[in-house]
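Asks:
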Amino acid sequence: MKELQHLNKYFLKYKSRLLFGILITIIARIFLLFTPQLIRKSINVVDDYRNGLVTDMTIVKTELFENILYIIGAALVAGVFTFLMRQTIINVSRFIEFDLKNEIYQQYQKLSLNFYKKNRTGDLMNRISEDVGRVRMYAGPAIMYSINTFTLFVIALIYMYNQAPKLTLYTVLPLPILSIAIYKLSKEIHKRSTIVQEYLSKLSTFTQESFSGVSIIKAYGIESQTSANFDSLSTASKEKQLSLVRVQALFFPMMVLLIGLSNLLVIYVGGMQYINGEIESLGTIAEFIIYVNMLTWPVATVGWVTSIIQTAEASQKRINDFLKLVPEIKNNSEAPSVIEGHIAFKNVSFTYDDTNIEALKGVSFTVNQGETLAIIGKTGSGKSTILDLIGRLYDISSGQLFVDHKAIDQINLKSLRDSIGYVPQDAFLFSDTINNNIKFGKEDATNDEVIQAAKYAQVHDNIIGFNQGYNTVLGERGITLSGGQKQRVSIARAIIKAPQILLFDDCLSAVDTETEEKILNNLKKVTKGKTTIIVSHRVSSAKNANKIIVLDDGKIVQHGTHESLIQNPGYYKDLYLKQSSEKV
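The UniProt record's numbering applies: residue 1 is where the sequence shown begins, and numbers increase by one.
#1: Tell me whether Ser580 is buried or exposed, calling it buried when 16 or more other Cβ atoms sit within 10 Å of its Cβ.
#2: Using only alpha-carbon positions, find the residue among Ile180, Arg488, Ala249, Gln241 that is nearest to Asp426.
#3: Excluding sequence positions up to five away, which residues of its chain have a Cβ less than 6 Å from the Cβ of Pro336?
#4: Rounded to a whole number of angstroms, what is the C-alpha to C-alpha distance between Ile290 and Ser129?
#5: Expressed to the nearest angstrom, what Euclidean distance is found between the alpha-carbon atoms of Ile357 and Ser112?
#6: For Ala453, which residues from the same chain have a beta carbon less than 7 Å from its beta carbon, with the 5 sequence-adjacent residues on both sides left out?
#7: Could you compute how far the alpha carbon of Gly377 sits from the alpha carbon of Val245?
#8: Let me know the secondary structure DSSP gives Gln410 once reduced to three states.
#9: Please classify Val348: is it buried, with 16 or more other beta-carbons within 10 angstroms of its beta-carbon, or exposed?
#10: Taking 8 Å as the threshold (C-beta atoms), are Arg192 and Ile319 in contact?
#11: Is DSSP giving residue 585 helix, strand or coil here?
#12: Out of Leu157, Val92, Val45, Asn114, point me to the one whose CA is closest to Gly21's CA.
#13: Please state the DSSP three-state secondary structure of Tyr220.
#14: Pull up the distance between the alpha-carbon of Glu517 and that of Val539, whole angstroms please.
#15: Taking the alpha carbon of Glu198 as the reference point, which residue from Lys101, Lys184, Ser234 has its own alpha carbon closest?
#16: Once DSSP output is grouped into helix, strand and coil, what is the label at Asp354?
#17: Report the three-state DSSP secondary structure of Asp444 (helix, strand or coil).
#18: Assign Ser16 to one of two classes, buried (16 or more other C-beta atoms within 10 Å of its C-beta) or exposed (fewer than that).
#19: What span of residues does the alpha helix (DSSP H) with His562 cover, start to end?
#20: Is the separation between the beta-carbon of residue 587 and that of Ile548 shorter than 8 Å?
#21: State the CB to CB distance for the pair Phe153 and Pro298, rounded to an integer number of angstroms; the pair is presumed to be in contact (CB under 8 Å).
#22: Output the residue ranges of the alpha helix (DSSP H) runs that lie fully inside the stretch 201-267 and measure 4 residues or longer, sorted by chain position.
#23: Is it right to say Pro141 is buried, meaning 16 or more other beta carbons lie within 10 angstroms of its own, or is it exposed?
#24: Could you have a look at Glu347 and say whether DSSP puts it in helix, strand or coil?
#25: Among Gly213, Phe11, Gly277, which residue has its Cα nearest to the Cα of Ile479?
#26: So, helix, strand or coil for Ser333, using DSSP?
#27: At what residues does the beta strand (DSSP E) containing Phe504 begin and finish?
#28: What does the Cβ neighbour count give for Val326, buried or exposed, with the cut at 16 atoms within 10 Å?
#29: Glu507 and Val423: beta carbons closer than 8 Å?
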C-alpha cells in the first residue's frame, strides 16, 4: 500500500464527497437489511395461522400486506441510496483519474527529448491510460465495495447473531473459504490478464506500424510476409485470451457452489434447530437464507478487491517512478523575459546521451538581432542540433550559449520558446483541419491571418483546391498532404506566430526550386527585423543570408557571405558549382 499513498492528496481533496458516500452506504445497507426481517415476520404469521396460534385471517392478510409495502419501500429507499452511493464514490474515482492523468501529462510536458528517445510511445501511453485506469479501480470500485462489504457484514452479523448465534456460525463458515478461493482465482486472472495486455500491446504496435508503413510494405512486396507475422502474433494473442477465459469461467460456478453449500447448511442446521426447539420460528431459516445470499457477493469481492489493490499498487509504482523523474531542462527563471533575438555561441560542444555522439565540437558564432544566418553542411554535421540548443530542447555539454547577452539557461523557458517559430525538417501535422494546424502557432488568429500566412508559404492555392478548403481534415501526421505541402503548412504555422526568432530546419527540401524561390522572397518580408536561422542543403536557400557557416563533423569549417565563400575553395563552393550545373 506504500505506493498508493501518492493518492492520499486526492482523497483529502475530495474528502467531503467520500465521507458523504460512506454515510450513504451505511444508510443503504440498513434499509436493505429490513427485507429479511420482514420476510421472517411474514412467514411466521402464516405459520402461526396454520398452527392455530392466530385464527383471524384478516389479521394475517393485513400484516402480510403491510410487510409487502414495507419491503417495497425499504427496497426503493435502499435502491435510491445505492444509486447515490455509486454516483458519489465512483465519481470521486473519476475525478482522481482526471487529476492523475493531468499530473502525468504535465510531467510529460516537462521532460526533455532524451526521455522520449529512451522510451517507447506504447509504454508512455500505457502509463496514462492502462495504469491510471487500474489505479482508478482502486480509488473507486475497490473502496466502494470494501465499505459496502464491511458495513453489510457487520450489520448483518449483529442481526443474525441476535436471532440464532449457533446458526450464524454455521452460515458464515463457507464464506472465508469463498473469499480465499476468489482471491486465488483473481490472482491467477490478474496474472493471465497482464500477459493478455502485453500481447494486445504488441498486436496494436504491429498493426499501427503496418498501417503507417503500408506504402513501404507494398513497395517491397512483403504483404504476404507481413500477413504471416500478423497471423502468428494474433494466434498467440488468441491463445492467451482463451487461457484467461478458461480461468474466468470458474468464477461464477465456484460462487454458485459455495452459495449452495451455505444454503444447504442453513436449511439442514436451521431445520434441525427448529425441530429441537432451539429456533423459535420457521421464518428465521428463510431470513438466514436471504442473509447468506446477501453476504455471498460482498464476501466474494474481498478476493477481487485484494487483486485490484495489488494491480493498482503495481501500476501506481510505475506512475510514481515516472513522476519522480527530474526534468533535465529546468526553468531557472520565473520572471518573464522579452526576447530581442541576439544569439551567440561561444565554444559550444554537445554530446547526445543516448548515442554518445558528439554532435558539436567547440562551435562559436554570433547572430545579431534582425540578421539571417544560414547553416550548410553534410548530413549528421550538427546543423539541426544548433537549432535544438537555441530552443533549449537540450542543454549544452560545455561552452556558453547566450540569448540577448544572457546565458540561455537563465532565461525564462516559456518566454524563450514563445519567442521562437520552429519549422522542423520532418514536418509534423496533427489530425485536424488545415486551418487549425496553421493556427497552432497562434490560436486566436483570424481567418485572414491564416490565409495570409498560407500565401507567404505558397500553399494557399493548394489548400483552396481541396473540397473542404481550409476545413480539410488531415490524416494521421498529415498523411493527406504531399511532403512539400506539409512543409509549407509548417512554415505557415511558424510565420503566423510572428516570433522574434525563426528557425527553419531544411524545410524546403521537398519543394521545387521555383516554389522555393517564391517562399524565400516572401520570407524576406516576414523576417524583416527578426533573427532568422536557415538550415539547408541548398545554396539557393542560403545565398541571401547575412552570414553563412559551413559545418563538418560538428565543427565550423567555413564562414562568411555567399559572395566570399564562392570565391574560396571548399565545401560551399563545390556545392554551389554542383547545384548550379544541375540547373543547367
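We put the CB at the ideal spot given by N, CA and C, even for glycine.
Replies: In short:
#1: exposed
#2: Arg488
#3: Asn412, Ser415
#4: 40 Å
#5: 17 Å
#6: Ile438, Ala492, Ile495, Ile496
#7: 59 Å
#8: helix
#9: buried
#10: no
#11: Since the first residue of the chain shown is 1 and the last is 584, residue 585 is not available in this structure.
#12: Val92
#13: coil
#14: 12 Å
#15: Ser234
#16: coil
#17: coil
#18: exposed
#19: 562-565
#20: Because the chain here runs from 1 to 584, residue 587 falls outside it and cannot be looked at.
#21: 6 Å
#22: 214-219, 223-248
#23: buried
#24: It should be noted that the sequence gives Asn, not Glu, for residue 347. Strand, per DSSP.
#25: Gly213
#26: coil
#27: 501-505
#28: exposed
#29: One detail in the question is off: residue 507 reads as Cys in this sequence, not Glu. Their beta carbons are under 8 Å apart, which means Cys507 touches Val423 by this criterion.
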